Amino acid sequence: MGDGSSARGWPFLVARGRHRGYRTLLAPGFLVAERDHGVLDDSVVPSPHQDRATVIEVVTGAGRRLAVAHATHLVTSADIAEPGAPPSEQEPRDQHSRPLQLIYGFVCLDGPVGEPDREDLRVCRQASLGTYRRFLGDEEGFTVEPSEDFPLRSPVVRRPAAPVRRPAQVSPMSGYDDRVRPRAGWGTVLAAAGVLLVAVILAVVWFTRPGPRVECPRPEQKIASESQWPSGTPAATCLEDGRPNGGEPAGPPR
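In this text, residue positions in the sequence shown follow this note's numbering: the first is 43, and each later residue adds one.
If you want it as structure tokens, here you go:
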């Protein structure tokens with residue numbers, strides 16, 4: 043729904059001089075401050091239709107969406123004559139004898155623009171002509187001028203306002219942050235289970251490990267061992283498969 047009564051527009055001007063090529067000469071103050079006004083001379087082109095407006099939408103380098111209403115005006119000698127001075131008899135031309143043209147209009151931040159109102163275009167054309175006369179007086183040293191906004195008569199479809207994020211509420215008594223904290227994720231659960239599994243494996247390995255191996259002496263070691271015992275002291279024997287080392291199977295006493 044159109045809401046031109048509360049929408050605002052900023053005049054702009056893109057033009058060339060007698061010696062300098064097309065460039066932005068007048069731009070919204072916020073674009074000049076952000077050094078983003080070059081988007082205008084990158085986007086608008088002259089039209090063969092005198093003072094007939096066209097609306098386009100552009101996006102600046104900073105991500106702003108702009109509705110740009112622009113028209114082309116053929117400069118006359120009366121347009122650039124100083125106030126109170128008679129206009130020149132010759133129409134203004136550049137150094138290549140080409141007629142001078144202005145691409146002027148307004149920029150709107152509020153949303154897409156419908157049919158541009160003629161009065162809005164007149165306001166922008168008047169602002170642009172003042173800037174253009176100053177530009178012709180010093181083309182080399184001229185810097186882009188910032189424009190002030192004005193209320194639009196043109197219909198504008200306002201964009202919905204961006205949602206506002208609610209800041210976290212902190213209790214004045216306890217300093218408790220009321221934002222919901224996320225539950226422990228699966229990563230935490232799996233990590234705890236892995237630690238528990240490793241602990242169980244280590245415990246099983248510890249309690250089931252084999253004891254130290256006791257080796258039975260070989261026959262030659264047995265003979266040497268028996269010679270070390272005092273006379274009358276029985277020597278210890280080691281059984282292998284129910285037999286003493288190097289002897290016959292053990293049987294009942296004779």
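Glycine included, C-beta positions come from ideal geometry on N, C-alpha and C. Computed from a prediction, not measured in an experiment: that's the story for all the values here.
Straight-line Cα distance separating residue j from residue i
i	j	result
E99	A111	9 angstroms
S48	L194	7 angstroms
T250	V240	16 angstroms
L178	A104	31 angstroms
P128	R107	43 angstroms
G147	R50	13 angstroms
F184	R62	11 angstroms
A210	V56	Because the pLDDT of A210 is 48, which lies under 50, any placement of that residue in the model is unreliable, and the question is left without a value.
P125	R176	13 angstroms
F54	C166	7 angstroms
R114	H79	Note that residue 114 corresponds to Thr in the displayed sequence, not to Arg. Using only the alpha carbons, I get a separation of about 19 angstroms.
E161	E182	32 angstroms
A75	D180	22 angstroms
Q143	H91	12 angstroms
A109	Q132	36 angstroms
I17	L232	Residue coverage of the chain in this structure runs from 43 to 296, which leaves residue 17 outside it and unanswerable.
P202	F192	21 angstroms
G236	A245	14 angstroms
For residue i, three-class secondary structure by DSSP
i	result
L142	coil
S189	strand
R77	coil
T250	coil
R200	coil
G50	Reading off the sequence, residue 50 comes out as Arg, not Gly. In the structure shown, R50 sits in a strand (DSSP, three-state: E or B).
A235	helix
D220	Note that D220 has pLDDT 43, beneath the 50 cutoff, so the model's placement of it is unreliable and no number is given.
A241	helix
A104	coil
L194	coil
Cβ-Cβ distance between residue i and residue j below 7 angstroms
i	j	result
P134	I145	no
S196	P70	no
W52	V155	no
V198	D152	yes
A116	P88	The residue you asked about is not Ala; residue 116 is Leu in the sequence shown. Against a cut-off of 7 angstroms, the Cβ pair of P88 and L116 comes out as no contact.
L82	T66	yes
L68	T173	yes
R353	D136	Not covered by the structure: residue 353. The range shown for the chain is 43 to 296.
S130	S119	yes
Nearest-angstrom beta carbon gap, residue j and residue i [assumed within contact, 8 angstroms]
i	j	result
V300	P158	Since the first and last residues shown for the chain are 43 and 296, residue 300 lies out of range.
A95	L163	6 angstroms
Cutoff 7 angstroms: residue i Cβ touching any chain B Cβ
i	result
T118	Although the question refers to chain B, the structure presented lacks it and comprises just one protein chain.
(request) Counting only runs of 3+ residues fully inside the stretch 58-102, write out the beta strand (DSSP E) ranges in chain order. (result) Those beta strand (DSSP E) runs which fall completely within the stretch 58-102 and span 3+ residues are 65-70 and 96-101.
(message) Could you tell me which whole beta strand (DSSP E) segments of length 3 or greater appear in the stretch 111-186?
(response) Qualifying beta strand (DSSP E) stretches, in chain order: 143-150.
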